[in-house]
Structure formats: structure tokens, C-alpha cells
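Just below is one structure, and these are the notes that go with it.
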Amino acid sequence: MKYLFTCLLLLSSHLLFSQQVDILIKNGKVLDGTGNSWYIADIAIKEGKILKIDRNLNYPTTKIIDAKGFIVAPGFIDVHTHIEGDEKKFPLASNFIYDGVTTVITGNCGLSETDLGKYLSMIDSLKTAINVAALIGHNDVRKAAMGSANRDPSEAEMQCMEAIVEKAMQDGAVGLSTGLIYIPGTYSKTNEIVRLAKIAAKYNGVYASHMRDESDSVTQAIEEALTIGREANIPVEISHFKLSGQQNWGRSKETVPMIIKARNDGLDVTIDQYPYTASSTSLSTLLPDWVLADGQDSIVARLAKPAIRKEVIAYMLTKLKKRKLKHFSYPVVASFKADSSYNGKSIEEVNVMRGKKHTVKEEAETILQMMELGGAGMIFHGMSDKDVKAIVQYPFNMFASDASIRVYKQGNPHPRGYGTNARVLGKYVREEKVISLEEAIRRMTSLPATKFNLKDRGLLREGFAADIVIFDEARVADVSTYDAPHQYSKGFQYVIVNGQLSVENGVQNSNRNGKALRSVR
Numbered sequence: 000m001k002y003l004f005t006c007l008l009l010l011s012s013h014l015l016f017s018q019q020v021d022i023l024i025k026n027g028k029v030l031d032g033t034g035n036s037w038y039i040a041d042i043a044i045k046e047g048k049i050l051k052i053d054r055n056l057n058y059p060t061t062k063i064i065d066a067k068g069f070i071v072a073p074g075f076i077d078v079h080t081h082i083e084g085d086e087k088k089f090p091l092a093s094n095f096i097y098d099g100v101t102t103v104i105t106g107n108c109g110l111s112e113t114d115l116g117k118y119l120s121m122i123d124s125l126k127t128a129i130n131v132a133a134l135i136g137h138n139d140v141r142k143a144a145m146g147s148a149n150r151d152p153s154e155a156e157m158q159c160m161e162a163i164v165e166k167a168m169q170d171g172a173v174g175l176s177t178g179l180i181y182i183p184g185t186y187s188k189t190n191e192i193v194r195l196a197k198i199a200a201k202y203n204g205v206y207a208s209h210m211r212d213e214s215d216s217v218t219q220a221i222e223e224a225l226t227i228g229r230e231a232n233i234p235v236e237i238s239h240f241k242l243s244g245q246q247n248w249g250r251s252k253e254t255v256p257m258i259i260k261a262r263n264d265g266l267d268v269t270i271d272q273y274p275y276t277a278s279s280t281s282l283s284t285l286l287p288d289w290v291l292a293d294g295q296d297s298i299v300a301r302l303a304k305p306a307i308r309k310e311v312i313a314y315m316l317t318k319l320k321k322r323k324l325k326h327f328s329y330p331v332v333a334s335f336k337a338d339s340s341y342n343g344k345s346i347e348e349v350n351v352m353r354g355k356k357h358t359v360k361e362e363a364e365t366i367l368q369m370m371e372l373g374g375a376g377m378i379f380h381g382m383s384d385k386d387v388k389a390i391v392q393y394p395f396n397m398f399a400s401d402a403s404i405r406v407y408k409q410g411n412p413h414p415r416g417y418g419t420n421a422r423v424l425g426k427y428v429r430e431e432k433v434i435s436l437e438e439a440i441r442r443m444t445s446l447p448a449t450k451f452n453l454k455d456r457g458l459l460r461e462g463f464a465a466d467i468v469i470f471d472e473a474r475v476a477d478v479s480t481y482d483a484p485h486q487y488s489k490g491f492q493y494v495i496v497n498g499q500l501s502v503e504n505g506v507q508n509s510n511r512n513g514k515a516l517r518s519v520r
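According to numbering that gives the first Met the number 0, the sequence shown holds residues 0 to 520 in order.
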């Protein structure tokens, strides 16, 4: 009987290893995404899934990857992106792929398609190189119901918004997002968001928020996000957690403990962060909210009135004075459609280039004239590296690019769109040792997968989707800079998306094997 059992064991082993697999990764240092230390193992991939993880696997295959000396990890999940509108322009999404990202979550900051069922179907038809999950964005939901009006919704409008959110959640949205610094989200009150968050909570969704303020009133904004989480009984994700403005440097000592306390009190709250000291958003955020209501024509009409123009300039100068700056040197143009020669220059530099007096009042006037021409995408320098590091160290913090799919050599965008993950692994792990490699990988993989209910992603486990990155921990680095942003990260030797190679020997191929990821209820 003993010999029969042994024979049966050998036979089953032979049958197992006689299976043809698509890819066999050999001898890698496997970091499985749990936060545990690496171990040496082989990984067999078949039909888009991880078939087996063990030592000395000998499956027949046409593709063997020798990963000796390299880290083998789950594909990274970028929880805060804005790819809408760029998928068709550049579905290869090279800036994400070369940074180890295999899945993105879009629809952040209250900005999304309102028909998410249609949007996710489009992603499946288009075939992007990355997987895409989506939030339903409150700003666009509000616009669909009531335009950009600066008022409370009627009950009929509120019910319209609830219906849009409910349909989106039924169609696979992973949650609700808000952009409470943007029009028209900034006009909404807390109770409006709570009602919509309760709809998302019914479908195991997340509430992800670009808060009302990330500067002087940041603690009040955090408290509002936490209140929404408690009242709607929904997990909370606070987007691009930071402290803006020199006057707020050091306040991570206040803000991070607020998150710790909320978690200790039982609220499922996490944060995400891009590891840079500059932010990137619209030029319009320099103006008071009330000026921006009802669209571009209304903005131009208001600014044409001398009294309003004078009031807006006074507002901007007061805000600048709080930053302890004498000029608008901190906002740098990323993309100005009306005149691309402005790209890469600060408002102070643009003003001088236009032949204006080198005064802060003339710089404010330049800002208004740019707004009258349609506004601009900007990079805002004004965060402390000490705060960035303090937030990096927080264990329930995920790393996110807050970026679109970059079209190579177009505009002067923030480098975070090219190098977020590589920067963490090179600068904050290898060079400065702010966190461990194991911890960084956990926060790029299993933590976001768990938070956003992506059931078969974020871990290297048998039966899970074969989203895998293989990189050189000694060489991985971000190359993109503010002055020369269009540079891909280096060190990622192989990137596998749903079982197919997208990067081989450091070079991306034409494979577009991503798909839409719908939340599992």
C-alpha cells in the first residue's frame, strides 16, 4: 500500500508538470505583497492566472524568464489616476507600464464618466495595456443633475444624483469620489455627500475624497471626510494627502495623528500620496470659488467687471502673502493651450516674458488673462520634504501618481506621471531608507487591492491574476524631472498583465492585455 501511494503521488506530480504553461519565471526573489520578506521561488503562469508558486518547477513552456537576482512582485495598483480622455490617444499607457503599474483606478477628484457601464465596456473594447477600475465622480454627477449652479440641490435633483450613483455602482464602480476644491463640488454641503456615499456603501464601495482644503483649513477638511465615512458607514480614502503652502510646513504632526485616531476608533480610513513636494492642478484654484460658477462664459463676464476684477486680485494677493512669497514663483505652467511657449515657466516668468512690470499685481493680472483664455494646467511648488517623508512612513498610505496617460513629449507635466513608484523604490527605500522594500511593495499591491475590493489582484498567489513586475532593486529609479518630465522609469525588466508580457528585457511591446475591472459584490 505504501508503494502504491508513492506511485500515485509520483504519477500526479508527473501529470501536473506535464501541463504546458505560458510563462515560467525561475529563481526570482518573490515579494508576494503581504509585507513578508522575499523568498526564492518559481512561478508558473497559464491562461492569465498564476498556476503554481514553488521551487524547482519544471513545466513545459515556450517562455522561461530567468529572474535570478531580481525582485518578483505583484503588479502595482495606482489608486489615484485621471485617464479619462487619454485612453484612446495612447492605450499603451507607457508611463504607467514602465513604472510597474498594471492596474489603475480612475474617476478620482469627483471627475468621471457618468455612465460607467458604457465607460467600462469601452475599456474592454479598446484594450488598454493596463487594467482599469473606476470611481463615480460627484462633480460630474452634480453637473448632470444641476449644471454648475452655486446652490443646494432640490430634492428632485438630489434623487437624480442618487440614481446616477446607484446605476454606476451596479455597473461595477469601486466607489464614489469627490473633488471638493473644484466646481461644482465645492458648492455642495456635507449632507449632500453623505446621501450619495450611502448609495455607494450599499454596494461595498469606497468614499475617495479630494478634500475641501489641503492648506490652512486642512484639519477641518479631514474631519469632514471622516464625518462622511462615519455617517454613511463607508470606508474612506483621502486622496493625495499633503500640506500645501510654506505656512503649513510641519503640520503632518497634526494631520497623520487624525487618521491614526480615526482608525483606532474603528473607521476604515486610508490615504494615498504622490512622493513629491509639488502638486499639480488647474490654474483656476488660485481664484475664489464664486467666480468660477456656471462655466467659462460666466467667468469671463464676471472678470470683465472692474470691481470684481479688483476683488479677485486682492484675494489672490492675500493668499500669496500667507505663503510668505513676494512673487507668483510657485505656480508653473504645465499645459496652456492658448500659448504653449508658457509651458514650463512660472507665472512670474510668464509675466516678465509678456513684457509686464515685475510686480505681484501684474502677475495676478496675468493669471486672470490666462483664465480668460481658457485656463491652464499647473504645477504648484510648496510642500515640505519633511512632511512628505512623515506621510510616506504612515503604514496605511498608498502611493499614487494622480496622473493621466502621458502622451510622450506633450506639454510639461508633473514628473509623478512617469516616476511615482520608481521614486519610492529608489529614493525612499534604497537611498534614504525611509521604509523597507517589503513595506513599499505591500502598499503598492495588496493594500490597494483590499481597499478597492479587487479580489484576485495585489498578491502573488495561486489562482490570482498574473499581474507581475520583475525589477532590479539596485537599479530601479525615477528619471522624470520637473524640467525634463518625459522620461520613463528604469529598472523594470519585465511587466506581465493578465498573463502576457508587456515589458520584456526593459522594453515595452505592443501587447494590450488590460481589461476593465468591475467591483465584486
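Built from N, CA and C at the ideal position, the CB exists for glycine as well.
On a predicted model such as this, the values are computed, not experimentally measured, just so you know.
Three-state class that DSSP yields for residue i in the structure shown
i, result
"E503", "strand"
"M352", "helix"
"H137", "helix"
"A416", "Checking the displayed sequence, the identity of residue 416 turns out to be Gly instead of Ala. The answer is helix: DSSP assigns G416 an H, G or I state."
"L291", "helix"
"Q158", "helix"
"I298", "helix"
"N452", "coil"
"S334", "strand"
"P59", "coil"
"T33", "coil"
"Q18", "coil"
"I307", "helix"
"I233", "coil"
"A399", "coil"
"V428", "helix"
"A473", "coil"
"I404", "coil"
Distance, residue j Cα to residue i Cα
i, j, result
"A92", "S501", "11 Å"
"I390", "K360", "35 Å"
"I122", "H137", "21 Å"
"I434", "M443", "13 Å"
"V290", "R301", "7 Å"
"D386", "I270", "14 Å"
"S153", "R141", "11 Å"
"E310", "L316", "10 Å"
"K197", "H79", "22 Å"
"V164", "I307", "37 Å"
"N35", "E347", "49 Å"
"T218", "K320", "21 Å"
"I495", "K117", "27 Å"
"E86", "E472", "30 Å"
"K514", "L175", "21 Å"
"V268", "Q19", "44 Å"
"V29", "Y38", "5 Å"
"T280", "Q409", "17 Å"
Cβ shell of residue i (< 6 Å), same chain only, five flanking positions each side left out
i, result
"N350", "E361, E362 and T365"
"K166", "none"
"M157", "none"
"K355", "E361"
"M397", "V78, D271, R442, L446 and P447"
Own chain residues within Cβ distance below 8 Å of residue i, not counting five before or after
i, result
"L458", "D31, G32, T33, P73, T444, S445 and A448"
"L23", "D41, I42, A43, I44, L56, Y58, T60, K62, I63 and I64"
"R353", "T365"
"D139", "G109, L110, S111, E112 and T113"
"L9", "Model confidence at L9 stands at a pLDDT of 47, short of 50, so the residue's coordinates are unreliable; what they give is reported in the following sentence. Counting only Cβ-Cβ distances below 8 Å, and skipping sequence neighbours, we find nothing."
Same chain, Cβ closer than 7 Å to residue i, five either side skipped, listed in chain order
i, result
"A200", "A231, N232 and I233"
Problem - Cβ contact (3+ pairs, closer than 8 Å) linking the segment 358 to 370 and the segment 315 to 329 - result: yes
Exercise for the section: Please confirm if the segment 55 to 75 is in contact with the segment 104 to 116, defined as three or more CB-CB distances below 8 Å between the two stretches. Expected result: The segment 55 to 75 is not in contact with the segment 104 to 116.
Practice task
Would you mind listing the alpha helix (DSSP H) stretches within the segment 96 to 135 that are 4+ residues and don't spill past its ends, in chain order?
Solution key: 115 to 125
Handout entry: the segment 223 to 230 contacting the segment 126 to 134, beta-carbon criterion three pairs below 8 Å
Key = no
Exercise for the section: Taking 8 Å as the threshold, find out whether the segment 249 to 259 comes into contact with the segment 277 to 293 through three or more Cβ pairs. Expected result: no
Exercise for the section: Could you say if the segment 462 to 471 and the segment 96 to 104 meet the contact criterion of at least three C-beta pairs nearer than 8 Å? Expected result: Yes, the segment 462 to 471 is in contact with the segment 96 to 104.
Practice task
List in chain order: all unbroken alpha helix (DSSP H) runs of 4+ residues lying wholly within the segment 236 to 291.
Solution key: Counting whole runs of 4 or more residues, the segment 236 to 291 contains the alpha helix (DSSP H) stretches 251 to 263.
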